[in-house]
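Undergrad:
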Amino acid sequence: MTLSACTSGNGQMVQMDSSKSGFVGSQVELRCIFINSNPPVKISQVTWQKLLNGTKQNVAIANPALGVSVLPPFKERVTFKQAAVRHRTPSLEDTTIVFSNLQLSDEAAYICEYTTFPAGNRENMVNLTVFARPMTRMTLTTPTIVARATKRKMTVATCMSANGKPTSVIKWDTRLKGEATFQETRNQNGTVTVRSNYVVVPSRETHKQKLTCIVTYRSERITDSVVLNVQYEPEVKIDGFDGNWYLKRPDVQLTCRADANPPVTIYQWKLLNGSLPSNVEIKNNTLFFKGPVTYDLAGTYVCDATNGIGTRPAVVDVNITEFPNNSLPGGPEIPQEQHNTGAIIGGAVVGVALLGVAAILLFVFLRRRQRTFKGDYSTKKHVFGNGYSKAGGLPVHPPMPKNLQYPDDSDDEKKPAQIGGPSGFEASEREFDGEQEDLKRPYFTVDEVESRDYDERTLAFQYDPQPEIADDMISQTDGSVISKKEWYV
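Position 150, counted from 1, in the sequence shown is what UniProt numbering calls 150; the numbers after and before it change by one each time, with no gaps.
Below you can see the structure in the form of structure tokens.
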């Protein structure tokens, strides 16, 4: 609010507030003070006027000779604040008026005009703004909200800010996953009504959820809340079967539990493809099985729960075992942790055993490969003619062909050499009964030697302990000999 003044060239001044405001039904003062000059001028009359859309309308008049007059429709609601204005000899320097029971139609510009002599008219103006506090309310669209299987959206609550000036702003605060719609209506008196609907799919999850409407009007914050009451069919489950029903187990039972609004009124039990066992006792929502467990208890049990909205079932398959789970027949139960530990240890033992078997197989394979030899100079052990040799010396051997040919798989660098004559081996004159084809072979493998059958004459063959080696032959560490010609070629 600022103070304005209209000053004449002679020093007279009319002081007023530039703007004023108030709410509908409240009271507001419109100040008007005349600052006289020196020497003072004579005040002949003071007139208050309403200026609306370019048209002036008299509100109140104060005249020293005629008194005070307030015109309709302000007569019952407008008065001069200072009592001196109403005296027979009035004082008109302060002609502030008071508006009571403010109305929306009072919003306008108001002029306070002084008529003086001989200075003439002096005036000033104030703008009056009238606010309308809205009526705010929040309601449920229906006392009973029912969750249907179709899962259709519906308006569950409405928040309204009616007949407000200026316009209100509506927001929602909730954990619900819904959406809001807004509608704004401008009334003929200048007020605005804002309406917002909250739309959600009713369900068991929306039951008992809080929904808060927040209305912001100017600097005020108005809140209102409701808690949703959603009715829904029973959500049913069966407790009691732990997967470990074994023969002769005592005191087993099945309990039908339901979450429903309104609460469940009827529980019905049945066994698919059969009738309930004879030792069953039904109490409220629980099946009690009397006596120890038998195979007769196995089957599919169904519980139907019914409330005012509908009926929903729950199903459990009961199977019977001979022995308890995680236990040995006739022995105490073994904790699951021990089972797990035993499985780990057993797996480790099997793994080590497999590795050991693989190592043995690999060793045998490599060993057998080392026991198979070929007749070339790189072979570490030669077996001549009849299958016998002695490391470090040459055996006295039966006569051998003078021309020896190496097998095809020998090294290309090695050339055939003659062994015989004065520089060759001197064999015994003894006769041998053997296949002539064998005598032509320069070597046998160890496996062949071990598999051959020899007669007594062959086994009686003796070797000289220190055989002589020809001058042109070189003895090798593995018992073989190599011709110098072949060595140095």
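Think of the CB as a built atom: it goes at the ideal place given N, C-alpha and C, for glycine as much as any other residue.
If R195 sits next to T136, beta carbons under 8 Å apart, how far is it from one beta carbon to the other, in whole angstroms?
TA: By 1-based counting over the sequence shown, the position of residue 195 is 195. By 1-based counting over the sequence shown, the position of residue 136 is 136. Not confirmed; about 11 Å, so no contact.
Undergrad: If we count the other Cβ atoms within 10 Å of its Cβ and call it buried at 16 or more, is L92 buried or exposed?
TA: For this step, residue 92 is matched to residue 92 along the sequence shown. It counts as buried.
Undergrad: From the DSSP output, which residues share a beta bridge with G120?
TA: Taking the sequence shown and counting its residues from 1, one reaches residue 120 at position 120. Paired residues: T116.
Undergrad: Out of N63, E179, T144, state which residue places its alpha-carbon closest to the alpha-carbon of K208.
TA: If you number the sequence shown from 1, residue 208 lands on position 208. Out of N63, E179, T144, T144 has the C-alpha closest to the C-alpha of K208.
Undergrad: Scan the UniProt domain "Ig-like" (25-129) and note each continuous beta strand (DSSP E) run of 3 residues or more that stays entirely inside, going in chain order.
TA: 28-30, 32-35, 42-52, 55-63, 67-70, 78-80, 97-99, 108-117
Undergrad: Which of the three DSSP states, helix, strand or coil, is assigned to V192?
TA: Position 192 of the sequence shown, counting from 1, holds the residue named residue 192. Strand.
Undergrad: Does the distance from the CB of V199 to the CB of T255 come in under 7 Å?
TA: Position 199 of the sequence shown, counted from the first residue, corresponds to residue 199. Position 255 of the sequence shown, counted from the first residue, corresponds to residue 255. Between V199 and T255, the CB-CB gap reaches or exceeds 7 Å.
Undergrad: For I320, write down the residues that DSSP places opposite it in a beta bridge.
TA: As a first step, residue 320 is located in the sequence shown; it is residue number 320 there, counting from the start. Paired residues: W245.
Undergrad: Would residue 500 and V236 qualify as a contact pair, given that the criterion is a beta-carbon distance under 7 Å?
TA: The structure shown does not extend to residue 500, since the chain is modelled only from 1 to 489, so the question has no answer here.
Undergrad: Among T139, A132, N326, which one has its Cα closest to the Cα of G25?
TA: Within the sequence shown, residue 25 is the residue found at index 25, counting from 1. G25 has its Cα closest to that of A132, out of T139, A132, N326.
Undergrad: Assign N285 to buried or exposed, taking buried as 16 or more other Cβ atoms, counted over all protein chains shown, within 10 Å of its Cβ.
TA: In the sequence shown, the residue the question calls residue 285 occupies position 285. Buried, because 16 or more other Cβ atoms sit within 10 Å of the Cβ of N285.
Undergrad: What whole-angstrom Cβ distance do Y246 and I320 have, given they're in contact under 8 Å?
TA: As a working mapping, residue 246 is identified with position 246 in the sequence shown. As a working mapping, residue 320 is identified with position 320 in the sequence shown. Yes, they are in contact, since the Cβ atoms of Y246 and I320 sit about 7 Å apart, within 8 Å.
Undergrad: Would you list the one or two residues that DSSP bridges to D296?
TA: Position 296 of the sequence shown, counted from the start, is the residue given in the question as residue 296. Answer by DSSP bridge pairing: none, since D296 is not bridged.
Undergrad: What first and last residue would you give for the beta strand (DSSP E) that runs through I309?
TA: Counting from 1 along the sequence shown, the entry for residue 309 is found at position 309. I309 -> no beta strand (DSSP E), and no H or E assigned at all.
Undergrad: Select from T193, P313, V293, R31 the residue whose C-alpha is nearest the C-alpha of D94.
TA: For this step, residue 94 is matched to residue 94 along the sequence shown. Selected option, being the one with the closest Cα: R31.
Undergrad: Got a sec? Which residues, its chain only, sit under 6 Å from K270 by beta carbon, not counting five neighbours each side?
TA: Taking the first residue of the sequence shown as position 1, residue 270 is located at position 270. Excluding positions up to five away in sequence, the list reads V302.
Undergrad: Mapping DSSP to helix, strand and coil, what is T206?
TA: Sequence index remark: in the sequence shown, residue 206 carries index 206 (1-based). Looking at T206 - three-state DSSP - the assignment turns out to be helix.
Undergrad: Using only CA atoms, which one of I222, V226, V14 lies nearest to W48?
TA: Here the question's residue 48 lines up with position 48 in the sequence shown. Out of I222, V226, V14, V14 has the C-alpha closest to the C-alpha of W48.
Undergrad: On the DSSP letters alone, give me the boundaries of the beta strand (DSSP E) that G164 sits inside.
TA: Numbered from 1 along the sequence shown, position 164 holds the residue referred to as residue 164. Segment 154-164, the beta strand (DSSP E) holding G164.
Undergrad: From V215 to K75, what distance separates their C-alpha atoms?
TA: Translated into positions along the sequence shown, residue 215 becomes position 215. Translated into positions along the sequence shown, residue 75 becomes position 75. Their Cα atoms are separated by approximately 37 Å.
Undergrad: Report yes if the C-beta distance between V98 and E29 is below 7 Å; otherwise report no.
TA: As a position in the sequence shown, residue 98 is number 98, starting the count at 1. As a position in the sequence shown, residue 29 is number 29, starting the count at 1. Closer than 7 Å, so yes.
Undergrad: Assign M16 to buried or exposed, taking buried as 16 or more other Cβ atoms, counted over all protein chains shown, within 10 Å of its Cβ.
TA: Within the sequence shown, numbered from 1, the residue matching residue 16 stands at position 16. Buried, since its Cβ has 16 or more Cβ neighbours within 10 Å.
Undergrad: Using the rule of at least 16 other Cβ atoms within 10 Å of the residue's Cβ for burial, across every protein chain shown, is E113 buried or exposed?
TA: Locating residue 113 in the sequence shown gives position 113, counting from the first residue. Around the Cβ of E113, a 10 Å sphere holds 16 or more other Cβ atoms; the residue is buried.
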